[in-house]
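Shown next, in structure tokens, is the structure this report addresses.
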Amino acid sequence: MNSKRHLLIVDGSPYVTGILVQTLKKDFDVTVASNGQEAAQLLTQGNRFDCVLTDLELDVFSGFDLIKFIRSNRLLCQTPIVVLSAKSDSNTRIQCLELGVDSFMPKPFNPTEVKVRLLATIRRADMPVAEEAPERPGPVSARLLPEVESFWQNKSRILFMVLKGYSLGQSA
């Protein structure tokens, strides 16, 4: 049984895809698309991918268009997306995150870091959604507050009565 995850790499550079395939082939079944249109076709032809690793600057169909396509498709929208791009300014990263990208890595990149990031992203995506936790009682101090207030009210009342009686006894 093959337990490797299926990864779609989308990048127009044969040099970059070569490095990535060489690094990732031990841990992933890798499919490569050279542009966004090719990637969209692979995604809609019934291929199941555990993650998409894409560049932003692609021919025919940009990485941004591909991300929007994946996130708007009800069958694909839960697929983790990691962006690997030379276009890594703050505005670009923010735009990617707002579109629903799970992780962003700048080029140039460390291939081992890409592998570890992909595995972590897939691991997080595989985690079951936690059910809503039952309502927990508040901290001990909050739960005991009524008893503490009652205790001090009783002590204050007794003290007041003692002091009142004491002053009455002195004045007589």
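Mapped onto this note's numbering, the consecutive letters of the sequence shown carry residue numbers 940 to 1111. C-beta: ideal position from N, C-alpha, C; glycine also. As the structure is a computational prediction, the values presented were derived from the model and not from experiment.
Mapping DSSP to helix, strand and coil, what is F1000? The residue given as residue 1000 occupies position 61 in the sequence shown. In this structure, F1000 counts as coil in the three-state DSSP scheme.
Might you give, ordered along the chain, the residues of its own chain that have their beta carbon closer than 8 Å to the beta carbon of E996, omitting 5 neighbours on each side? Counted from its first residue, the sequence shown places residue 996 at position 57. Only G951, G1002, S1024, A1025, K1026 meet the Cβ criterion.
Using beta-carbon positions only, say whether A993 and A978 come within less than 8 Å of one another. Sequence index remark: in the sequence shown, residue 993 carries index 54 (1-based). Sequence index remark: in the sequence shown, residue 978 carries index 39 (1-based). A small correction: the amino acid at residue 993 is Thr; Ala does not occupy that position in the sequence shown. Less than 8 Å separates the beta-carbon of T993 from that of A978.
Would you kindly work out how many angstroms separate the C-alpha atoms of D1041 and V999, rounded to a whole number? The count along the sequence shown starts at 1 and reaches residue 1041 at position 102. The count along the sequence shown starts at 1 and reaches residue 999 at position 60. In a straight line, the C-alpha of D1041 is about 23 Å away from that of V999.
Delimiting residues of the alpha helix (DSSP H) encompassing V1045: Within the sequence shown, residue 1045 is the residue found at index 106, counting from 1. A small correction: the amino acid at residue 1045 is Pro; Val does not occupy that position in the sequence shown. Where P1045 is concerned, there is no enclosing alpha helix (DSSP H), although the beta strand (DSSP E) it sits in stretches over 1042–1045.
Do V1021 and T1060 come within 8 Å of each other at the CB atom, strictly closer than that value? By 1-based counting over the sequence shown, the position of residue 1060 is 121. By 1-based counting over the sequence shown, the position of residue 1021 is 82. Closer than 8 Å, so yes.
Hey, would you say V1053 sits closer than 8 Å to L959, going by beta carbons? Here residue 1053 refers to the residue found at position 114 of the sequence shown. Here residue 959 refers to the residue found at position 20 of the sequence shown. Yes, Cβ-Cβ distance for V1053 and L959 is below 8 Å.
Determine the direct distance from the alpha carbon of P1067 to that of P953, and round the result to whole angstroms. For this step, residue 953 is matched to residue 14 along the sequence shown. For this step, residue 1067 is matched to residue 128 along the sequence shown. Whole-angstrom Cα-Cα distance: 36 Å.
Collapsed DSSP secondary structure at F967 in the structure displayed: Looking up residue 967 in the sequence shown gives position 28. Strand.
Local Cβ density within 10 Å of G975, reported as buried at 16 or more and exposed below that: Your numbering for residue 975 matches position 36 in the sequence shown. Under this definition G975 is a buried residue.
Just how far apart, CA to CA, sit I1009 and L1015? Translated into the one-based positions of the sequence shown, residue 1009 becomes position 70. Translated into the one-based positions of the sequence shown, residue 1015 becomes position 76. Cα-Cα distance, rounded: 5 Å.
With a CB to CB cut of under 7 Å and the five nearest residues on each side skipped, what residues in its chain are close to T956? Along the sequence shown, read from residue 1 onward, the residue named residue 956 stands at position 17. Annotation for T956: I948, D950, V971 place their beta carbon closer than 7 Å to its own, counting only its chain and skipping 5 residues before and after.
Three-state secondary structure assigned by DSSP to C1035: Looking up residue 1035 in the sequence shown gives position 96. Under the three-state reduction of DSSP, C1035 is assigned to helix.
Given that a residue counts as buried once 16 or more other Cβ atoms are within 10 Å of its Cβ, and exposed if not, what is L982? As a first step, residue 982 is located in the sequence shown; it is residue number 43 there, counting from the start. Taking every protein chain shown into account, the CB of L982 has 16 or more other CB atoms within 10 angstroms, so this residue is buried.
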